Structure formats: structure tokens, C-alpha cells
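Q: Going letter by letter, the sequence shown gives residues 16 to 475 in this note's numbering.
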Amino acid sequence: MTRYLRFINHRYIVTQMIAVVLAAVVLGTVCTSVAFLLLSYGGHNEANLKLAAASAAARIATIADDARQSVSLEELKRTIKASRWLEMHIEIVPSAVFFSSPEFTSAEKRTEQESGFADELRSELLSHWNLSPLDISISTGNSVVVKINNQYALIFQTTHRPPMQRFIFIQLGFVVATVMIVVLFLAVYIIKRLMAPLSSIAAAADALGHVSTPAQPISDAGPQEVTQVARALNHLHGRLQSLIEERTRMLAAISHDLRTPLTRLRLKLERGVRSGQLGSMIDEIEIIDNMISETLHYLREQNDRRAGYVIDMPSLIQTICNEFADLGFDIRYQGPARMAYFCEESGMRRALSNVIDNAIKHGTEVVVLLESRGESGFEIRISDNGPGIPKEHRAKVLEPFYIADDARSLIGRSGFGLGLSIVRDVVSRHRGTISFADNSPSGLVVRLAFNQSRSAEFAS
Numbered sequence: 016m017t018r019y020l021r022f023i024n025h026r027y028i029v030t031q032m033i034a035v036v037l038a039a040v041v042l043g044t045v046c047t048s049v050a051f052l053l054l055s056y057g058g059h060n061e062a063n064l065k066l067a068a069a070s071a072a073a074r075i076a077t078i079a080d081d082a083r084q085s086v087s088l089e090e091l092k093r094t095i096k097a098s099r100w101l102e103m104h105i106e107i108v109p110s111a112v113f114f115s116s117p118e119f120t121s122a123e124k125r126t127e128q129e130s131g132f133a134d135e136l137r138s139e140l141l142s143h144w145n146l147s148p149l150d151i152s153i154s155t156g157n158s159v160v161v162k163i164n165n166q167y168a169l170i171f172q173t174t175h176r177p178p179m180q181r182f183i184f185i186q187l188g189f190v191v192a193t194v195m196i197v198v199l200f201l202a203v204y205i206i207k208r209l210m211a212p213l214s215s216i217a218a219a220a221d222a223l224g225h226v227s228t229p230a231q232p233i234s235d236a237g238p239q240e241v242t243q244v245a246r247a248l249n250h251l252h253g254r255l256q257s258l259i260e261e262r263t264r265m266l267a268a269i270s271h272d273l274r275t276p277l278t279r280l281r282l283k284l285e286r287g288v289r290s291g292q293l294g295s296m297i298d299e300i301e302i303i304d305n306m307i308s309e310t311l312h313y314l315r316e317q318n319d320r321r322a323g324y325v326i327d328m329p330s331l332i333q334t335i336c337n338e339f340a341d342l343g344f345d346i347r348y349q350g351p352a353r354m355a356y357f358c359e360e361s362g363m364r365r366a367l368s369n370v371i372d373n374a375i376k377h378g379t380e381v382v383v384l385l386e387s388r389g390e391s392g393f394e395i396r397i398s399d400n401g402p403g404i405p406k407e408h409r410a411k412v413l414e415p416f417y418i419a420d421d422a423r424s425l426i427g428r429s430g431f432g433l434g435l436s437i438v439r440d441v442v443s444r445h446r447g448t449i450s451f452a453d454n455s456p457s458g459l460v461v462r463l464a465f466n467q468s469r470s471a472e473f474a475s
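1. Would you say Q467 and E394 are within 8 Å of each other, going by their C-beta atoms?
2. Which value, in whole angstroms, describes the spacing of the CA atoms of V244 and S234?
3. Q349 bridges to which residues according to DSSP?
4. Quick check on V241: buried or exposed, where buried means 16 or more other Cβ atoms within 10 Å of its Cβ?
5. Contact between the stretch 440-460 and the stretch 350-368: three or more CB pairs below 8 Å?
6. Going by C-alpha to C-alpha distance, which of E260, Y167, I105 and A218 sits closest to L248?
7. Got a sec? Which residues, its chain only, sit under 7 Å from A464 by beta carbon, not counting five neighbours each side?
8. Evaluate N337 with the Cβ neighbour count: other Cβ atoms within 10 Å of its Cβ, from every protein chain shown; 16 or more gives buried, anything less gives exposed.
9. So D399 and V381 are supposed to be a Cβ contact under 8 Å. How far apart are they, rounded?
10. Jot down the residue ranges of each uninterrupted beta strand (DSSP E) in the stretch 201-225, minimum 3 residues, whole runs only, in chain order.
11. Would you tell me roughly how many angstroms separate the C-alpha atoms of E260 and S436, rounded to the nearest one?
12. Name the one or two DSSP bridge partners that E394 has.
13. CA-CA distance, Y167 and T193?
14. Any idea what DSSP makes of I233, helix, strand or coil?
15. Exposed or buried, C358, counting other C-beta atoms within 10 Å across all chains shown (16 or more means buried)?
16. Out of curiosity, what's the CA-to-CA distance linking G43 and V203?
17. Compute the beta-carbon to beta-carbon distance between D345 and G434, rounded to the nearest angstrom, for a pair I have assumed lies under 8 Å.
18. Can you tell me which residues form a DSSP beta bridge with L459?
19. I need the straight-line Cα distance from D80 to L66, nearest angstrom please.
20. How should T77 be labelled, buried or exposed, when 16 other C-beta atoms within 10 angstroms of its C-beta is the threshold for buried?
21. Give the range of the beta strand (DSSP E) segment to which E414 is assigned.
22. Would you give the residue range spanned by the beta strand (DSSP E) that H377 belongs to?
23. Inspect the beta-carbon positions of M306 and D327 and report whether they are closer than 8 Å.
24. Could you name the residues that DSSP lists as bridge partners for S257?
25. Hey, R439 and A452: beta-carbon distance below 8 Å or not?
26. Near A374, what residues of its chain come up, given a Cβ to Cβ distance below 6 Å and the 5 sequence neighbours on each side ignored?
27. Who are L169's beta bridge partners in DSSP?
28. If I measure Cβ to Cβ from S450 and keep anything under 6 Å in the same chain, skipping five residues before and after, which residues do I get?
29. When you compare only the Cα positions, how much space is there between H250 and Q239?
30. Is G343 closer than 8 Å to G401 when the C-beta atoms are compared?
31. Could you give the residue range of the alpha helix (DSSP H) that holds I332?
32. So, at 8 Å on beta carbons, what are the nonlocal neighbours of R286 in its own chain, with the 5 sequence-adjacent residues on each side left out?
33. Can you tell me whether A322 is helix, strand or coil according to DSSP?
34. What is the DSSP secondary structure of A355, counted as helix, strand or coil?
35. Count the other CB atoms within 10 Å of the CB of I196; is the residue buried (16 or more) or exposed (fewer)?
36. Over what stretch of residues does the alpha helix (DSSP H) that includes R446 continue unbroken?
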């Protein structure tokens, strides 16, 4: 099939689809009609011969009766000429041919089919049209001679093929033409109905990214395939819109956070560097450098897709906990000793480290719990006893550069609001979810839920 699709010109796909549908339907109609004709005609040969003989006998007798009324050769010719509409070749010959030509007296050379037709034709002429046996003769080619008078006779060129065959062929042509017209209109209507949603999808896709013409959601009305494409494009449009908005917020946050230390540096330079201010100026420069470095690292991680492999999740969590415990923090792990999971280890390590680092900064005790949910997956819960995050800020803290504390002073700040954004991106790449809950009696619980059955999707 793919080999034939190569020849389709996609610029004229509608016309070609109509032509293909029309050709297929017409070909099927013709084949069916021809098969029916062959079966019906081949199965009723005797009936066809009788029908052909009866039709030929009726036309011969009618013309012969009109010819006998002619009183002269000219009038006879006019009568024959007027009978051309009967679609039978007629020739005027002297009556002597009727008695002398052996061609019209011997039946030995006739084929079996010609003999059958000749017998049927003679029977029809004698029994139904009152012609005398002495006035008719049939040749080897089924040419019939009828004596008109003592001077002239008429030779009729007949055939054993029934006239209904011509009617059937005419009817077949009419049926095929009718089917072609009906199918043409239906094909045009149906294909245009199918292509209309694709045209709207193409227009909506072309509008993506144009600020002057905001893209509207694509209608998912139509066939199942078109609906799937429309929903996928709507989803893509939502993701692109979110990405653009995220980048806009990021640039706004960066510009805002950079403006503060740069303003301080400019004021200090304008007033002149005093003794003791050099250290604070270096701190301002380090803040700017760290912000730029962390932003670039965040952007690189979003585009970095490293290969995944199966790891032991408890070992990874315990390693991270031990690294923080070695620095003197109160942190412990709870959960199974072994659990295999297919993931990107570096990204997972970065996400868990960021969540644990936030918990340690705001609390004095941190517990990392790994809980298996059987075939449905597992959940990692990082709990601390800190002040927690207000509910109205929990959805926004996952956005880049969002700080729950509205104070914008960067002096003493240990982060720029990218830690949880990185966690969100890593969890999303692994088809997981992130959520927040209150810890008891105080603090915050960060829940990272992963589905074991969908780890194969990450591999693809």
C-alpha cells in the first residue's frame, strides 16, 4: 500500500481521493453486472434462441406483409426503405434465386446453434405468421428468403443473438453512468466533509505563534482520527502557551532580581567606593553570577534528555540522605531495602536533592518515606517540621523564580525559586505527580508519586 501512496500528489489529494473512490465503485459495478449478464445469458441459452427467433420472425413477417402490398419495384423499394428502423438488412432479389441457389436449400452446413435458431425461426414463421413453407428458405448464415411474388423475393440478414442482449448492454451502461454520477456527488460531499476539519486544523496550526492572531481551540468534531488530531493539537497549543508564559515570567523575574543588585552597584560606584564596601560589591556580583548560572543550568536541564536505566530506588534515596547526614543534618530514611525502577538517575537524584534541601532549610528534622503501592507504583514522601507553605502558594511555588516570601532582598537568600521547578520537570518527564500536604503537628509533606507501569513510556 505504501508503494502506491508514493504516487499520490498531496497538492491535489481531494481530487485524487474522489477519482480513486469513483474508479473503485464503477469497477465493482461493471464487474458485478458483467458477471450477472454472463451467468444469466449462459444459463438460459434455449430461451434466448426462442426469444431471438420470435423477434426475428415478427420483423420478417411484418416487412413481408407490407412488401406484398407493393405493385411495382419502386414502391417495393420505398417500403423496404421505410422499414430500416427495424434494424435488419434487407435485399431485393429476383424470385429465381429462391428456387435455384443451393445456399438456400441445403441445411447440412449449418452449425448446431444455427440449426437450432433456423428451426425456431421456421417454426415461428409457419405457426404464428401464416407463411407457406414454399415461400421461405433459410441459408447456412441464417439469411432468410421470403417470396413476395413471382418476380421478387426479399433476403433478410438475421442473427441468432437475442436482441435483449443489446438492451441489457444499454441498461448496463445506463446503470454504470447513473452510479458514476451518484457516487461522484457523494464522494465530493463526503470527502469535502472529511477535509473541512483538516482545513480548520491547518488554519489553526498556522495561527500558532502569531501574536496578532491568537489561536482559538480547534474543534474536535468529525471522524475519530480527526478528533484525535484536533485534541493532540489543542494539547500541544496548551503546552506551547504554558511554555511561553513560563519563559515570560522567568524573564520578568530575572530582570527584577538583577535590577536590585545592579542598582546597588551603580549607586556605590556613583558615590565612590568607600572602605569596607568592596566585600559587599563582590557579594552582589556573586549573586548575579549565581542567578545567571542557575538559570542557564535550569534551561539546559529542560532540554537534556539522558538515557534511562533500571536503578535501585531505596539505594539512591539512602545515598542522598547519608550525604546530608554527613553534614550534620537530622534526616532518616524509612522504606523497603530493594525496589527496582526505570528512570533517568541524574534527574531523579537532582529532584530528590532539591526537595530534601528545601526541607532541611526550613526544618530541623526530615523523614524520607518510600512506600510501595504494588502494581500501581510507589510514592516518596519528604516530611519536615518547618513552617510549611501556605495553601495559596503551593500551586505557584512550582513555577520558576516564584518565592513564597514576598521580600525581594537577595542578601542572604540561598535560592532563586528554581529548585521546585526542576523537581516538577523531572517528575513530569517520568510521568509522575507532585503534591503538597500539611505535616502533623507542623511542617510540610511533599509527595512524589510514580507509576511503575508507565516507566516503559519514559524509555520510549
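Quick reminder that beta carbons are idealized off the backbone N, C-alpha and C, glycines included. In this text, all values refer to a predicted model and were calculated from it rather than measured experimentally.
A: On the basis of the data shown:
1. What you label residue 467 is simply residue 452 of the sequence shown in a count that begins at 1. What you label residue 394 is simply residue 379 of the sequence shown in a count that begins at 1. Not in contact: Q467 and E394 (Cβ atoms no closer than 8 Å).
2. Locating residue 244 in the sequence shown gives position 229, where the first residue counts as 1. Locating residue 234 in the sequence shown gives position 219, where the first residue counts as 1. Each residue's alpha carbon lies about 10 Å from the other.
3. Along the sequence shown, one-based indexing puts residue 349 at 334. Beta-bridge pairing links Q349 to L384.
4. Sequence index remark: in the sequence shown, residue 241 carries index 226 (1-based). Buried is the call here.
5. yes
6. The count along the sequence shown starts at 1 and reaches residue 248 at position 233. Minimum Cα distance to L248 is reached at A218.
7. In the sequence shown, the residue the question calls residue 464 occupies position 449. Within the same chain, A464 has close Cβ partners G392, E394, G447 and T448.
8. Position 322 of the sequence shown, counted from the start, is the residue given in the question as residue 337. Exposed: under 16 other Cβ atoms inside 10 Å.
9. Counting from one through the sequence shown, the residue named residue 399 turns up at place 384. Counting from one through the sequence shown, the residue named residue 381 turns up at place 366. Confirmed, about 5 Å.
10. none
11. Taking the first residue of the sequence shown as position 1, residue 260 is located at position 245. Taking the first residue of the sequence shown as position 1, residue 436 is located at position 421. Distance between the alpha carbons of E260 and S436: 14 Å.
12. Working through the sequence shown from its first residue, we reach residue 394 at position 379. Answer by DSSP bridge pairing, in chain order: E386 and A464.
13. Start at 1 with the first residue of the sequence shown, and residue 167 comes out as number 152. Start at 1 with the first residue of the sequence shown, and residue 193 comes out as number 178. When rounded, the distance between both Cα atoms is 49 Å.
14. Sequence index remark: in the sequence shown, residue 233 carries index 218 (1-based). I233 falls in the coil class under three-state DSSP.
15. Numbered from 1 along the sequence shown, position 343 holds the residue referred to as residue 358. Per the 10 Å Cβ criterion, buried.
16. By one-based count along the sequence shown, residue 43 stands at place 28. By one-based count along the sequence shown, residue 203 stands at place 188. G43 and V203: Cα-Cα distance of roughly 19 Å.
17. In the sequence shown, residue 345 corresponds to position 330, counting from 1. In the sequence shown, residue 434 corresponds to position 419, counting from 1. Not quite, the Cβ-Cβ distance comes to about 20 Å (not below 8 Å), so this is no contact.
18. Counting from 1 along the sequence shown, the entry for residue 459 is found at position 444. DSSP, once it has assigned bridges, lists D453 as partnering L459.
19. Start at 1 with the first residue of the sequence shown, and residue 80 comes out as number 65. Start at 1 with the first residue of the sequence shown, and residue 66 comes out as number 51. Each residue's alpha carbon lies about 21 Å from the other.
20. Within the sequence shown, the letter at position 62 stands for residue 77. The residue is exposed, with fewer than 16 neighbouring Cβ atoms inside 10 Å.
21. Residue 414 sits at position 399 when you count from the first residue of the sequence shown. Counting along the chain, E414 falls outside any beta strand (DSSP E), and DSSP gives it neither H nor E.
22. As a position in the sequence shown, residue 377 is number 362, starting the count at 1. Careful: H377 lies outside any beta strand (DSSP E), inside the alpha helix (DSSP H) at E360 to H377.
23. For the purposes of this step, residue 306 is taken as residue 291 along the sequence shown, with counting starting at 1. For the purposes of this step, residue 327 is taken as residue 312 along the sequence shown, with counting starting at 1. Against a cut-off of 8 Å, the Cβ pair of D327 and M306 comes out as no contact.
24. By one-based count along the sequence shown, residue 257 stands at place 242. Looking at the DSSP assignment, S257 forms no beta bridge with any residue, so it has no partner.
25. Counting from 1 along the sequence shown, the entry for residue 439 is found at position 424. Counting from 1 along the sequence shown, the entry for residue 452 is found at position 437. No. Outside cutoff.
26. For this step, residue 374 is matched to residue 359 along the sequence shown. Result list for A374: V381, I397 and D399, in chain order.
27. Here the question's residue 169 lines up with position 154 in the sequence shown. According to DSSP, which records beta bridges pairwise, L169 is partnered with I107 and V161.
28. Along the sequence shown, one-based indexing puts residue 450 at 435. Same-chain partners within the cutoff: R462.
29. As a working mapping, residue 250 is identified with position 235 in the sequence shown. As a working mapping, residue 239 is identified with position 224 in the sequence shown. Each residue's alpha carbon lies about 16 Å from the other.
30. Here residue 401 corresponds to residue number 386 of the sequence shown, with the count starting at 1. Here residue 343 corresponds to residue number 328 of the sequence shown, with the count starting at 1. No.
31. Within the sequence shown, residue 332 is the residue found at index 317, counting from 1. Unbroken alpha helix (DSSP H) run through I332: M328 to D341.
32. If you number the sequence shown from 1, residue 286 lands on position 271. Same-chain partners within the cutoff: there are none.
33. Taking the first residue of the sequence shown as position 1, residue 322 is located at position 307. Of the three classes helix, strand and coil, the one that applies to A322 here is coil, per DSSP.
34. Position 340 of the sequence shown, counted from the first residue, corresponds to residue 355. Of the three classes helix, strand and coil, the one that applies to A355 here is strand, per DSSP.
35. Locating residue 196 in the sequence shown gives position 181, counting from the first residue. By the neighbour-count rule (16 or more Cβ atoms within 10 Å), I196 is not buried but exposed.
36. Against the sequence shown, residue 446 aligns to sequence position 431. First-last for R446: undefined, no H or E at that position.
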